[in-house]
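To keep things clear, I will list the structure first and then write my remarks on it.
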Amino acid sequence: RKEVEQDPGPFNVPEGATVAFNCTYSNSASQSFFWYRQDCRKEPKLLMSVYSSGNEDGRFTAQLNRASQYISLLIRDSKLSDSATYLCVVRLYTGFQKLVFGTGTRLLVSP
Amino acid sequence: ETGVTQTPRHLVMGMTNKKSLKCEQHLGHNAMYWYKQSAKKPLELMFVYSLEERVENNSVPSRFSPECPNSSHLFLHLHTLQPEDSALYLCASSQGGDRVDEQFFGPGTRLTVL
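Chains as they are written, first to last, in this note's numbering: chain A, 1 to 111; chain B, 1 to 114.
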């Protein structure tokens, strides 16, 4: 079983739509949770951290359910510039601190 | 632009060649990482250096050899690679310790092994 599992997509949505991505993780000892964004042929960059209480950053809302080992990202009012791959990431301690990445969910926003 | 640079950006090599990838970070971080990114696979952590000490990652073949001469520079030495080693190799840095959460990535080296 993959440590971090995501639907690869692609999710094709029109501008202005609301879209949600989900992610599950297998290790209950996971300590911290994040969404990274990776544009085509570019490096990943941190989008936002995910907290148990849920957190929002502009049009982006992240939620964490530790009991279900489930993370979500909601994007409201999608923009063309939101087109990218969204990587679900967890932090684990396995003798050293490391980040474990999901395969990513690809989003395509069209005019 | 990130504070992590990588050279070369593209590399084509034969299976008998020896080459090195270079990474440099200008962020004052004390941890550096090598990742491999293949199509339709998640980023695979290859090596971690924290305060210039290497953290073992046993799943990486010995044809990949990392070197971290100081906290700002990281190398990945390659020899007798296989075609399946063709991938994007990403370097990253972070503050390390409990502050490993945000890692800053370089643009990557796209490697093709013929």
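Don't be surprised by glycine CBs; every beta carbon is placed ideally from N, CA and C.
Secondary structure at P83 (chain B): helix, using DSSP grouped into helix, strand and coil. Around the C-beta of A84 (chain A), 16 or more other C-beta atoms lie within 10 Å, and the residue is accordingly described as buried. When Cβ-Cβ separations below 8 Å define contact, R91 (chain A) makes contact with chain B. Secondary structure of S83 (chain A) (DSSP, three-state): coil.
In the structure shown, the three-state DSSP call for A39 (chain B) is coil.
Taken in chain order, the unbroken stretches of beta strand (DSSP E) that lie wholly in the segment 17-62 of chain A and span 3 residues or more are 19-25, 32-38, 44-50 and 55-57. The secondary-structure analysis by DSSP pairs F96 (chain A) with nothing; it has no beta-bridge partner. For E53 (chain B), the three-state secondary structure derived from DSSP is strand. Here F47 (chain B) has W34, N57 and P66 as same chain residues with Cβ atoms under 6 Å from its own Cβ, once five neighbours each way along the sequence are excluded. Counting along the chain, the unbroken beta strand (DSSP E) around K19 (chain B) starts and ends at K18 to Q25. Straight-line measurement puts the Cα of K18 (chain B) at about 35 Å from the Cα of T105 (chain A).
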